[in-house]
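Per full-length UniProt numbering, the very first residue in the sequence shown carries number 1; after that it's consecutive. By construction, the Cβ of each residue, glycine as well, lies at the ideal position given by its N, Cα and C atoms.
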Amino acid sequence: MPEPIDFDEMNRKVIAEFRESGGTAGGVFEGKPLVLVHHTGAKSGTERIAPLVPLVDGDRLFIFASKGGTDTNPDWYHNLVAHPDTVVEYGSETFGVNARLLTGDERDDVYAKQVEVEPQFGDYQRKTARVIPVFELERVGN
């Protein structure tokens, strides 16, 4: 029986590689954009970081709470709903954002764009009955 994946350890390695390389990582993230989304636990208040593959549309960043198409949202989704004002690391920049949850046609249009760029997101949506949430990371400040 294969060893279960230790996502915390995997994330630590991806985050370290991202920071050492100026905003990129290898493995499953090779050649893909990557954003580190800082988030605060909705219940625990614990600070965490999620490495995610965003949709980059001009100067706009969108993230997807796909969790690989499982039937539950990732923890970071609940944390951003509770604490939408946060910080992201993208490329060599670190900046404040407001994580705005998209709905309706706006959500559907952005998700369709992500499927064009990263087809596995279509598979994720087909695997679950839930509508996969989409956030726009709206830059604040500078």
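- Judged by pairs of C-beta atoms under 8 Å, the stretch 28 to 43 touches the stretch 70 to 88, as three or more such pairs exist.
- Taking Ala129 as reference, the option from Thr72, Gly26, Asp57 with the minimal CA-CA separation is Thr72.
- Less than 8 Å divides the Cβ of Pro54 from the Cβ of Ile63.
- Boundaries cannot be given for His83, as no alpha helix (DSSP H) includes it and DSSP labels it neither H nor E.
- Remark: C-beta atoms of Gly31 and Glu17 do not approach each other more closely than 8 Å.
- In the DSSP secondary-structure assignment, Phe64 is bridged to Val134.
- Rounded to the nearest whole angstrom, the C-alpha separation of Glu116 and Gly122 is 9 Å.
- A straight-line Cα-Cα distance of about 12 Å links Tyr124 and Pro133.
- Of the other Cβ atoms in all chains shown, 16 or more fall within 10 Å of the Cβ of Gln114; this residue is therefore buried.
- Under DSSP, Glu20 shares a beta bridge with no residue.
- In its chain, beyond the 5 residues on either side, Arg60, Leu61, Phe62, Ala99, Arg100, Leu102, Val110 have a beta carbon closer than 8 Å to the beta carbon of Glu136.
- Excluding the 5 residues flanking it on each side, Val56 has same chain C-beta neighbours closer than 6 Å at Pro33, in chain order.
- DSSP places Glu9 in the helix class (H, G or I) of the three-state scheme.
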